[in-house]
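Visitor:
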Amino acid sequence: MWSGRTRALLRVWGLWPTGVLGRRPISCNAASLAGSNCPQCWNCGGPRGPIGGDGFFCPQCRALQPPDSTRDHFSLMDCNRSFRVDTVKLQHRYQQLQRLVHPDFFSQRSQIEKDFSEKHSTLVNDAYKTLLAPLTRGVYLLKLHGVEIPQGTDCEMDREFLMEIMDINEKLAEAQNEAAMKEIESIVRAKQKELTDSVSRAFEQDDFEKAKEMLTKMRYFSNVEEKIKLKMIPL
Ligand SMILES: [Zn+2]
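Under our numbering, think of the first position of the sequence shown as 1376, with each following residue one higher.
1) Taking T1591 as the reference, give the member of L1547, D1533, P1441 and F1432 with the closest Cα.
2) Within 10 angstroms of the Cβ of M1607, are there 16 or more other Cβ atoms? Answer buried if so, exposed if not.
3) Check each candidate in L1547, F1458 and C1436 and name the one with the smallest Cα separation from D1572.
4) How many Å lie between F1536 and V1563 at the Cα?
5) If we ignore side chains and look at the alpha-carbon of each, how far apart do I1401 and L1519 end up?
6) May I have the straight-line CA-CA distance separating A1577 from G1521, to the nearest angstrom?
7) On a CA-only basis, which of E1584, E1588 and I1603 is nearest E1549? Give me that one, please.
8) With a threshold of 7 Å on Cβ separation, who are the neighbours of E1560 within its own chain once the five nearest residues in sequence on each side are excluded?
9) Are there 16 or more other CB atoms within 10 angstroms of the CB of M1452, so buried, or fewer, so exposed?
10) Locate the alpha helix (DSSP H) running through V1460, then write down its first and last residues.
11) Would Y1595 be called buried (16 or more neighbouring beta carbons within 10 Å of its own) or exposed?
12) Under the DSSP definition of a beta bridge, which residues are partnered with L1439?
13) Let's see if you can read the secondary structure: which residues bound the alpha helix (DSSP H) around A1554?
14) Nearest to E1523 by alpha carbon, out of F1491, F1583, E1488 and L1547?
15) Tell me the rounded alpha-carbon separation between T1505 and Y1515.
16) Using the beta carbon as the reference atom, which residues fall closer than 6 Å to any heavy atom of ligand 1, ordered along the chain?
17) Where does K1587 land, buried or exposed, given buried means 16+ other C-beta within 10 angstroms?
18) Where does Q1486 sit, in a helix, a strand or coil, going by DSSP?
19) Below 7 Å between beta carbons: does that hold for L1423 and G1430?
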């Protein structure tokens, strides 16, 4: 999608200060050199700077710009496109972006900017949630590599695995107290950790079929986790 050169430049831009005072105007030349387009600001008509950088605001008039629909979650959250994500860094980036685009900061601004801030904020929330949890991150990364996991893939799963899931579901149905449910929960958590490590290895080896298989298994365990949560809610 991005050339190596563009990616390198984006990384440099990502390091720039993002506060309003620290935001530097980026010339159109720099953008065209990087092979990116240079759209105009909706408010003043001036050049907006590179769309892939942190160009949330117009460098001239400081108006909030619309979200860049071509930007993926990894780029938005300033992460390498990899299954291994530094979740502390991810959280910092999330807070940094919300400080820039949260609708609360736009209550005195134009309706257009209010609308853009809503859209930005929703996108930032989606990106953060997607990249934070290993299952959704893996499914998303797989999708970027052109591999989708359809719902209801029972027939593709091995019999042994399906038996294991059935067994856990039965145990959960029979669990009468919190201790029994906690025990099942810790078994499932250990399974998820094991699978997360396998997914990580599969992505490192560009083995997307293996990653797909492991993520599908994680989805089954995730359903069990949801059931445990529901059952633990006191009636
Ligand atoms: Zn402007």
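Cβ atoms here follow ideal geometry from the backbone N, Cα and C, with glycine treated the same way. Note that the structure is predicted; figures quoted are calculated from it, not measured.
Guide: Reading it off the structure:
1) On the sequence shown, residue 1591 is found 216 positions in, with the first residue counted as 1. Checked all of L1547, D1533, P1441 and F1432; the closest Cα to T1591 is D1533.
2) The residue you call residue 1607 lines up with position 232 of the sequence shown. With fewer than 16 Cβ atoms within 10 Å of its Cβ, M1607 is classed as exposed.
3) Locating residue 1572 in the sequence shown gives position 197, counting from the first residue. Comparing Cα positions, the closest option is F1458.
4) On the sequence shown, position 161 is the one that residue 1536 refers to. On the sequence shown, position 188 is the one that residue 1563 refers to. The alpha-carbon atoms of F1536 and V1563 are separated by roughly 13 Å.
5) Taking the sequence shown and counting its residues from 1, the one referred to as residue 1401 is at position 26. Taking the sequence shown and counting its residues from 1, the one referred to as residue 1519 is at position 144. The predicted model places I1401 with a pLDDT of 39, which falls under 50 and marks its position as unreliable; any figure quoted below should be read in that light. So the two alpha carbons sit approximately 29 Å from each other.
6) Stepping through the sequence shown from its first residue, residue 1577 is reached at position 202. Stepping through the sequence shown from its first residue, residue 1521 is reached at position 146. Distance between the alpha carbons of A1577 and G1521 is about 15 Å.
7) Here residue 1549 refers to the residue found at position 174 of the sequence shown. Nearest C-alpha to E1549: I1603.
8) Taking the sequence shown and counting its residues from 1, one reaches residue 1560 at position 185. Excluding sequence neighbours, E1560 sits near I1603.
9) Residue 1452 sits at position 77 when you count from the first residue of the sequence shown. Flag for M1452 reads buried.
10) Residue numbering aside, residue 1460 sits at position 85 when the sequence shown is read from its first letter. Note, V1460: premise wrong, no alpha helix (DSSP H); not H, not E.
11) Locating residue 1595 in the sequence shown gives position 220, counting from the first residue. Under this definition Y1595 is a buried residue.
12) For the purposes of this step, residue 1439 is taken as the residue at position 64 of the sequence shown. Answer by DSSP bridge pairing, in chain order: F1432.
13) Here residue 1554 is taken as the residue at index 179 of the sequence shown, counted from 1. Residues E1553 to E1579.
14) As a working mapping, residue 1523 is identified with position 148 in the sequence shown. When only C-alpha atoms are compared, the closest one is F1583.
15) Residue numbering aside, residue 1505 sits at position 130 when the sequence shown is read from its first letter. Residue numbering aside, residue 1515 sits at position 140 when the sequence shown is read from its first letter. For T1505 and Y1515, the distance between alpha carbons rounds to 7 Å.
16) C1416, N1418, C1419, G1421, C1433, Q1435, C1436 and A1438
17) Mapped onto the sequence shown, residue 1587 falls at position 212. Burial call: buried.
18) Within the sequence shown, numbered from 1, the residue matching residue 1486 stands at position 111. Three-state DSSP puts Q1486 in a helix.
19) In the sequence shown, residue 1423 corresponds to position 48, counting from 1. In the sequence shown, residue 1430 corresponds to position 55, counting from 1. Reading off the sequence shown, one finds Arg at residue 1423, where the question assumed Leu. Yes; because the gap between Cβ atoms is below 7 Å, this pair is in contact.
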